[in-house]
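Participant: Numbering (numbering that gives the first Met the number 0), first residue to last: 0 to 191.
No residue lacks a Cβ here, since even glycine has one placed at the ideal position from N, Cα and C.
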Amino acid sequence: MKKRLLLVALSALLAAACQQSRNTGSTVSADSLKTVYLALNDSVTANWKRLTDSDDEKISDVKRLLQEISHTTVHNRALLDSLVRMQATLTAKRYTMETMVSEQIDAYDLATDSLVQRIPRLMASVPDLESYPLCAELSQEIDSAGQAVLLHRIHYDKYAKLHNQFIREHAADLQKTGYANQKPKPLFQLGA
0 MKKRLLLVAL SALLAAACQQ SRNTGSTVSA DSLKTVYLAL NDSVTANWKR LTDSDDEKIS
60 DVKRLLQEIS HTTVHNRALL DSLVRMQATL TAKRYTMETM VSEQIDAYDL ATDSLVQRIP
120 RLMASVPDLE SYPLCAELSQ EIDSAGQAVL LHRIHYDKYA KLHNQFIREH AADLQKTGYA
180 NQKPKPLFQL GA
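Here it is as C-alpha cells:
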C-alpha cells in the first residue's frame, strides 16, 4: 500500500511539474525539482536494494541447502561438489546497477537457473530426505525467491522509467540545480 501511495504521489508530482513547464513556459522551482528527482532516485535505489537483498537471500538459502545435504549420509557427492562450486561463483557474476547490460543479465540468469534446476536432482539422491525437514523448507524458499525475481525487476523498471523520463524532460532545469549530467538508469525492459 505504501508503495502504491508513493508511486501515485511521485506520478502526481511528475505530472504537475511537466504540465507546469509545458503550459506556462515557466521553469519548475528548484526545490520541487530537487524533491521529485531525489524521491525518484530514492525509489529506484530502494527497489534495486529489494531486488538484490532477495537475490542474496536466495543465494544464501542455496548455500545452506547444499550444506544441509552435505551432512546427509547418502547423496550424489559429485553433483553436490559441482553445485557448491557453482554457488560460490554466483555472486561474482551478478550485475550491478552501473554494469547492467542485457548480456550480463542473461549470463547471470542462466548461471542461477542452471544451479537451481539441478537442486531437485541432488535432493532426490538423498534417500532419507524427509529426516532433514530444513531441506524441503529451504527448497521452497529458493523457489519462492526465484518467482519473486520477475516482480522485483518489474518494480525496479517502473521507477527507473519514471526517473529516466524525469531527467529527460528536465535536463536543462536539473543542470541549474546542481544535478547536471544525470544518466538514465538501466532497465530490465520487463512489461515494456
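1. Along the chain, where does the alpha helix (DSSP H) containing H162 start, and where does it finish?
2. Starting from the Cα of R49, find the closest Cα among H151, D172 and R167 and give me that residue.
3. S138: buried (16+ other C-beta within 10 angstroms of its C-beta) or exposed?
4. Distance, Cα to Cα, H74 vs Q86?
5. Expressed to the nearest angstrom, what Euclidean distance is found between the alpha-carbon atoms of V100 and D142?
6. The ligand COA heavy atoms versus the CB of H169: any closer than 7 Å?
7. Out of curiosity, what's the CA-to-CA distance linking A110 and D55?
8. Just how far apart, CA to CA, sit Y158 and G177?
9. For N46 versus H154, is the C-beta distance shorter than 8 Å?
10. Considering Y94, what are the terminal residues of the alpha helix (DSSP H) in which it resides?
11. On the criterion of 16 or more Cβ atoms from any shown chain inside 10 Å, does P132 qualify as buried, or is it exposed?
12. Could you have a look at D41 and say whether DSSP puts it in helix, strand or coil?
13. What are the start and end residues of each continuous alpha helix (DSSP H) run of 4 or more residues lying completely inside the stretch 59–121, in chain order?
14. Output needed for R21: all residues of its chain with C-beta closer than 7 Å, excluding positions within five of it in sequence on either side, in chain order.
15. Can the beta-carbon of L32 be found closer than 8 Å to that of L128?
16. Label D105 either buried or exposed according to how many other C-beta atoms from any shown protein chain fall within 10 Å of its C-beta, with 16 as the threshold for buried.
17. Taking all protein chains shown into account, do 16 or more other C-beta atoms lie within 10 angstroms of the C-beta of A144, making it buried, or fewer, making it exposed?
Facilitator: On the basis of the data shown:
1. Annotation: the continuous alpha helix (DSSP H) that includes H162 extends over P132 to E168.
2. Restricting attention to H151, D172 and R167, the CA atom closest to the CA of R49 is found in H151.
3. In summary, S138 is buried, with 16 or more beta-carbon neighbours lying within 10 Å of its beta-carbon over all protein chains present.
4. Distance from the CA atom of H74 to the CA atom of Q86, rounded to whole angstroms, is 18 Å.
5. Roughly 25 Å between the two C-alpha positions.
6. Judged by which ligands are present, the structure shown has none, so any question about the ligand COA falls away.
7. Roughly 14 Å separates the two Cα atoms.
8. Roughly 22 Å separates the two Cα atoms.
9. In this structure, H154 lies closer than 8 Å to N46 by Cβ.
10. Element bounds for Y94: n/a, residue is neither H nor E.
11. Here P132 is exposed. Its C-beta has fewer than 16 other C-beta atoms within 10 Å.
12. Here D41 sits in helix by DSSP.
13. Counting whole runs of 4 or more residues, the stretch 59–121 contains the alpha helix (DSSP H) stretches 76–92.
14. Model confidence at R21 stands at a pLDDT of 49, short of 50, so the residue's coordinates are unreliable; what they give is reported in the following sentence. Once the five neighbours on either side are set aside, R21 has no close Cβ partner at all.
15. No. Outside cutoff.
16. The Cβ neighbour count for D105, taken over all protein chains shown within 10 Å, is under 16; the residue is labelled exposed.
17. A144 is buried by the Cβ-count criterion.
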